[in-house]
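First the structure, in the form of structure tokens, and then the observations on it.
2 protein chains.
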Amino acid sequence: MARWEPDARLRLVRAAIDLYAEQGYESTTVAQVAERAGLTKATFFRHFPDKREPLFAGQEEHAALLADGAALAPDDASPLEVVTAALDHATAAFTAEQRDWGPRLRAVVGTHDELRERAAFKRAHLTGTLAAVLRDRGAGEATAAIAADLGVEAFHRGFDRWSDGEGPSYGDLAREELRTLHAAATALR
Amino acid sequence: MARWEPDARLRLVRAAIDLYAEQGYESTTVAQVAERAGLTKATFFRHFPDKREPLFAGQEEHAALLADGAALAPDDASPLEVVTAALDHATAAFTAEQRDWGPRLRAVVGTHDELRERAAFKRAHLTGTLAAVLRDRGAGEATAAIAADLGVEAFHRGFDRWSDGEGPSYGDLAREELRTLHAAATALR
DNA sequence: TCCATCGATGAGACCGTGTCTCATCACCGT
DNA sequence: ACGGTGATGAGACACGGTCTCATCGATGGA
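As given, the protein sequences belong to chains P and V, one line each in that order. First residue of the first sequence? That's 5 in the numbering used here, and the numbers climb one at a time after it. First residue of the second sequence? That's 5 in the numbering used here, and the numbers climb one at a time after it.
What follows is the structure in structure tokens.
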């Protein structure tokens, strides 16, 4: 793996973020992204299925980590404890580089519906994965859906605050968000 | 408004649903859809912004109705009561034709990620709209987010059951789903 | 040292989506 | 009849995304 100049994939991610931010997503062509990374269009599509995906490269990992963390929780854990375990486990994915990219990614994604759409899809995938784990553990349909919603909401709120440089660790922020959301949920009338 | 053969837009919707179901979404071209509707590719794109949109033609109306219904609720209504009012008001959108198309649409959308993605986006839009109304009415950030999630979840579950031919009226089904979800939410631990 | 292999890349043809411009045609009011 | 208006058709165009074939660079073995 990785001959010639290594890290082609990473170079493509960086080139995409930079160009989409500099010139706008629409007015940037895939060929331009590839060129900035020292590659060609064909190679871009060998690393990513489409023009939007480099911006969301880390997300499948997040889904996997959330699911793994949830599956690793003790058998007698309540749904909310399972979600907490999932959030804690996901902490592993959050490197310094991810934190730096966070705000820039949010800004770029916010500029174009096509990107918002992909973000919504990834989020729905996350929610679905988490809900499936909860159902497998015996939670009711409705309970699984709500707990998953709260977990993913906390996941994103925590990440946003963390990548804005707030708080000590991501894990603490996410847990705090989850507590807040849970309190609001039980108080709902 | 509608000269020549009237209802060009509706004919396009029907042609799209039929062809996407018959031949698959991928292997159907926009030109084919337009041709079945007795039109051309250029006219298709005058009625819809892209190939996916005819399948989701009714959804903006749903968002508007939910928002209107929520805004019409009495000033002292609780978040959940606001959501209930929104669901009741949305009932207006559900014609017999919508019910017939429901299962077919679900089936087609389920066959292709590109369509699932659009569905997730529409749903996120719905949730965002509802949450915004709730925040404007003074609900807290977290409360608005959760109430909106429950509302949209109930909206979709209700619609699925209703379009499967279940239950008396859509309004009753959606209210029932909302009650179930609310019960699960308050019982969450 | 040389060579065969294998995986990553480049080159370029190709189809479909989505945009745009210009011409056409049907309806409408006068 | 006649001109205006708005929906449509025709066709060129750029770009996204797929595919095939050729190339090249590193590796491992004789």
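Built from N, CA and C at the ideal position, the CB exists for glycine as well.
Which listed residue (the options) has its alpha carbon closest to that of residue i
i: Arg141/V; options: Gly169/V, Leu185/V and Ala75/V; result: Ala75/V
i: Leu91/P; options: Ala19/P, Asp11/P and Ala158/P; result: Ala158/P
i: Val86/P; options: Asp117/P, Leu70/P and Glu64/P; result: Leu70/P
i: Glu101/P; options: Arg183/P, Leu185/P, Ile21/P and Leu182/P; result: Ile21/P
i: Ser82/V; options: Val34/V, Asp54/V, Gly144/V and Glu65/V; result: Gly144/V
i: Arg13/V; options: Val112/V, Tyr24/V, Thr33/V and Pro53/V; result: Pro53/V
i: Leu163/V; options: Glu65/V, Pro107/V and Thr88/V; result: The identity of residue 163/V in the sequence shown is Phe, whereas the question assumes Leu. Ranking Glu65/V, Pro107/V and Thr88/V by Cα distance to Phe163/V puts Pro107/V first.
i: Asp168/V; options: Thr115/V, Arg103/V, Asp11/V and Arg193/V; result: Arg103/V
i: Ala135/P; options: Thr32/P, Leu59/P, Pro58/P and Leu84/P; result: Leu84/P
i: Gly132/V; options: Tyr24/V, Gly175/V and Glu64/V; result: Glu64/V
Extent of the continuous alpha helix (DSSP H) run through residue i
i: Leu192/V; result: Leu192/V -> no alpha helix (DSSP H), and no H or E assigned at all.
i: Ser167/P; result: Glu145 to Ser167
i: Thr47/V; result: Lys45 to His51
i: Leu59/P; result: Unbroken run through Leu59/P: none, as it is neither H nor E.
i: Phe125/V; result: Asp117 to Asp140
i: Ala12/P; result: Ala12 to Gln27
i: Ala100/P; result: Ala100 to Val113
i: Glu85/V; result: Pro83 to Ala94
i: Glu39/V; result: Val34 to Arg40
Straight-line gap, residue i to residue j (C-alpha atoms, nearest Å)
i: Asp72/P; j: Val137/P; result: 9 Å
i: Ser173/V; j: Arg179/V; result: 10 Å
i: Val17/V; j: Ala61/V; result: 8 Å
i: Arg110/P; j: Phe49/P; result: 23 Å
i: Ala68/V; j: Leu43/P; result: 46 Å
i: Ala6/V; j: Gly28/P; result: In this prediction, Ala6/V has a pLDDT of 41, which is less than 50 and means its spatial position is unreliable; what the coordinates show is noted afterwards. Each residue's Cα considered, the two are about 38 Å apart.
i: Asp153/V; j: Glu39/P; result: 42 Å
i: Arg127/V; j: Ala191/V; result: 25 Å
i: Ile150/V; j: Leu119/P; result: 24 Å
i: Ala187/V; j: Val156/P; result: 20 Å
i: Ala46/V; j: Arg56/P; result: 26 Å
i: Arg15/P; j: Ala41/P; result: 5 Å
i: Ala19/V; j: Gln36/V; result: 9 Å
i: Ala223/P; j: Leu185/P; result: No information on residue 223/P is available, as it lies outside the stretch 5 to 193 that chain P covers here.
i: Ala189/V; j: Ala146/P; result: 8 Å
i: Ala89/V; j: Pro78/V; result: 9 Å
i: Asp11/P; j: Thr33/P; result: 21 Å
i: His51/V; j: Leu59/V; result: 12 Å
i: Gly175/P; j: Thr99/P; result: 13 Å
i: Ala123/P; j: Val113/P; result: 8 Å
i: His116/P; j: Trp105/P; result: 18 Å
i: Gly171/V; j: Leu23/V; result: 30 Å
i: His212/V; j: Leu130/P; result: Within the shown structure, residues of chain V are numbered from 5 to 193, placing residue 212/V beyond reach of any answer.
i: Arg193/P; j: Asp80/P; result: 29 Å
Rounded distance between the beta-carbons of residue j and residue i, thought under 8 Å
i: Arg139/V; j: Ala148/V; result: 5 Å
i: Glu30/P; j: Phe125/V; result: Their Cβ separation, rounded to whole angstroms, is 17 Å, which puts Glu30/P and Phe125/V out of contact at 8 Å.
i: His66/P; j: Ala94/P; result: 6 Å
i: Arg165/V; j: Leu182/V; result: About 13 Å; that fails the 8 Å criterion.
Residue i beta carbon near the ligand ATP (any heavy atom closer than 6 Å)
i: Leu76/V; result: The model depicted lacks the ligand ATP and carries no ligand whatsoever.
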